[in-house]
Amino acid sequence: MVCQYKLKTHLLILLTAIYEGAFSSWKICMVHLIPGFTISMEAVPGWVPAVGFTLLPHAGGVLGATITKREIPVWYESLQKPSWHPPNWVLAPVWGTLYTSMGYGSYLVWKELGGFNEKSVVPLGLYAGQLALNWAWTPIFFGAHKMGWGLVTLLLTTGTATATTASWYNINRTAAYLMVPYLAWLTMASALNYRIWKDNRNKKQPE
């Protein structure tokens, strides 16, 4: 029980730090844009958390795009892929939509639970965990060319995202429904990753 309490406390501190860090970054940007600008957490307009939570998942997507932009035309194109694999041009709009949906869903949960508190540790902690795994997949699969570890990461992401959705369902059903397209895409991506790993694991790939 003591360990469980400490874990919840540490997760709560981490989640709060992430949010306050995002707020501080926004405040710094505003100070540069508007000299003398000042605002406290309590005075933040209601739309700011909504925008912050919605945009947060895109941070990893933007960083991942710097890797995929380099690797897709050369390494990824050299891989044997099943006929049903999605064309490369759909990846950016699909992920943009999915990141927006999950981000807004996390805001709905945060708002419903009254911010970062003991009740939000599990639903938002699971969300943060699946998001971290999601961000890790691109450097592993595209950056390091580790197709097997990429599959493991995707399966962990899918499991954690499923747990996130289940934990959100009784808090805010709209938030849970916003995760459904993401779960469907993860299922397809896991199957695709498996086929790519299976069909290319014994082939020497260009570095």
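Each residue of the sequence shown is one higher than the one before, counting from 85 in our numbering. Note that CB positions come from ideal geometry on N, CA and C, so glycine has one too.
Shortest Cα-Cα distance from residue 133 to any of 192, 153 and 183 involves 192. For residue 157, the three-state secondary structure derived from DSSP is coil. Its chain contains 137 and 211 as the residues whose beta carbon lies nearer than 6 Å to that of residue 190, once the 5 sequence neighbours on both sides are disregarded; these appear in chain order. The C-beta distance from residue 182 to residue 266 rounds to 5 Å, short enough to meet the 8 Å contact threshold. When DSSP assignments are scanned along the segment 153 to 219, the uninterrupted stretches of alpha helix (DSSP H) that are 4 or more residues long and fall wholly within it turn out to be 175 to 196.
Contact annotation: the segment 224 to 235 does not touch the segment 140 to 147, with fewer than three C-beta pairs closer than 8 Å. In the structure shown, residue 282 falls within a helical segment according to DSSP collapsed to helix, strand and coil. At a Cβ-Cβ threshold of 8 Å, residue 141 and residue 238 do not count as neighbours.
Judged by their CB atoms, residue 241 and residue 263 are not nearer to each other than the 8 Å cut-off. Shortest Cα-Cα distance from residue 168 to any of 176, 275, 282 and 286 involves 275. The three-state reading of DSSP puts residue 254 in coil, since its state is none of H, G, I, E or B. By the neighbour-count criterion, in which a residue is buried when 16 or more other Cβ atoms sit within 10 angstroms of its Cβ, residue 231 is buried.
Looking only at 233, 218, 188 and 281, the smallest Cα-Cα distance to residue 257 is reached by 188.
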